[in-house]
Amino acid sequence: MAAAIETLRQIRESDYLERIRAYGERLRQGLEKQAASYGFGLRQTGPVVMPQVLFKDDPDFRLGYGWVTECLKRGVYFHPYHNLFVSAAHGEAELRATREATDLAFQALKQRKSSLEPHALLLEHLGLRR
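As numbered in the numbering used here, residues 315 to 444 make up the sequence shown, in order.
Structure follows, in structure tokens:
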């Protein structure tokens with residue numbers, strides 16, 4: 315109960331919502347710019363505090379899975395086809411680290427693009443297992 319009351323107090327008395335909205339906007343803008351610099355197009359949907367990042371022209375999610383795998387190697391978690399969540403714990407240091415990791419992930423994805431295969435679970439789900 316004490317934790318719930320403290321959470322409600324912080325919601326009422328802080329600028330957390332403005333901060334996470336601004337963070338989400340900056341994250342989206344940075345991803346869009348990075349993706350374009352490596353020749354990729356993104357579709358970013360959902361509220362900025364719950365972003366969903368998808369690749370244009372990626373019907374079998376091979377780019378999405380490839381990119382999130384590269385992000386994970388660099389310590390940043392994104393989901394290949396589901397919304398994420400921004401929180402008040404995300405600040406400048408997290409945004410900087412995320413941008414560094416995602417830039418390297420886009421770079422690696424560009425290098426690996428021609429060798430990417432659709433994810434095996436997706437193929438199985440669609441009945442297209444090779």
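Ideal placement from N, C-alpha and C gives every residue a C-beta, glycine not left out.
Because the structure is a prediction, the values reported are computed rather than measured.
- Every alpha helix (DSSP H) stretch that sits fully inside the stretch 356–431 and reaches 4 residues is listed by chain position as 376–387, 406–426.
- The criterion of a C-beta distance shorter than 8 angstroms is not satisfied by A419 and R376.
- If you look at G338, you'll find it in the alpha helix (DSSP H) that goes 330–351.
- For L435, the enclosing alpha helix (DSSP H) stretches over residues 434–439.
- Around the beta carbon of I334, 16 or more other beta carbons sit within 10 angstroms, so the residue counts as buried.
- CA-CA distance, Y337 to H404, rounds to 8 angstroms.
- Remark: C-beta atoms of D372 and L436 do not approach each other more closely than 8 angstroms.
- Per DSSP, the unbroken alpha helix (DSSP H) holding L322 starts and ends at 316–327.
- Around the Cβ of L345, a 10 Å sphere holds 16 or more other Cβ atoms; the residue is buried.
- The way I'd put it, the stretch 345–361 does touch the stretch 408–427; three or more beta-carbon pairs between them come closer than 8 angstroms.
- Burial check for Y379: the Cβ neighbour count within 10 Å reaches 16 or more, so the residue is buried.
- By a beta-carbon distance limit of 8 angstroms, Q421 contacts Y352. Their separation comes to about 6 angstroms.
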